[in-house]
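To start, the structure itself, in structure tokens.
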């Protein structure tokens, strides 16, 4: 109801040993998607997987209580101790970027497939359509990963209709909410005293393709931005082994 404070965000500490990494899932995602990566990291780190209100099936009413970054800032402030690093995927990665831009992200960050705006140019219909196409790719890739081997056996037209249905559930309000987060990335202050960051993306993922990746690398001098061949949008699930290796190596150097 209007005027009520936002509900606290639950966190699930997954099995492992070592310093805690706080993991932030993307739009229409789930805290459970961090399980494969947590298993690969368990000899080095524990993963605290947050259950954010932009989980799958939400109505996007959470935006009344602030942006994704504001939700993450409140959640981090409520923790008993600061994590060793932040992990973020898709909208979760954008939430981490927002924290860094507000100078409240003081620990190293690993960002998977953030959506980043290439310039501060006009926010128009063309940009919205580009974003919607990139989000459709993200939703489709998440569906493909969730289906596993069954995805390859589906008729392409049937799979496309399944993606259409998923996007209809997100609705115009949801798309506009996510588009707003995307457009504001060009205004974030990611330089100065920003912490070190590793940014990974699939080389064909439109969320961070071409000029968008170059713009993020330019805006965030302490970030290493890398594309991986064969990765989709949800590679933190599908390629958990090599992703874990990248995370461990990056954090080892960051602690240096």
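Residue numbers (this note's numbering): 4 to 259. All residues carry an ideal CB built from backbone N, CA and C; glycine is no exception.
Outcome for residue 208 when other beta-carbon atoms lying within 10 angstroms are tallied against a minimum of 16: buried
Per DSSP, the bridge partner or partners of residue 107: According to DSSP, residue 107 bridges with nothing at all.
Inter-stretch contact (C-beta, 8 Å, three-pair minimum) for the region 61-70 and the region 170-186: yes
Where the beta strand (DSSP E) through residue 231 begins and ends: 226-231
Local conformation of residue 236 per DSSP, three classes: coil
Residue 28 beta carbon less than 9 Å from that of residue 140: no
Extent of the continuous beta strand (DSSP E) run through residue 15: 13-16
Buried/exposed call for residue 145, threshold 16 Cβ in 10 Å: buried
7 Å Cβ shell around residue 21 - same chain, five flanking residues per side excluded: 47, 48, 49
In chain order, each beta strand (DSSP E) run of at least 3 residues that lies wholly inside the region 118-205: 200-205
C-alpha gap between residue 204 and residue 214, whole angstroms: 13 Å
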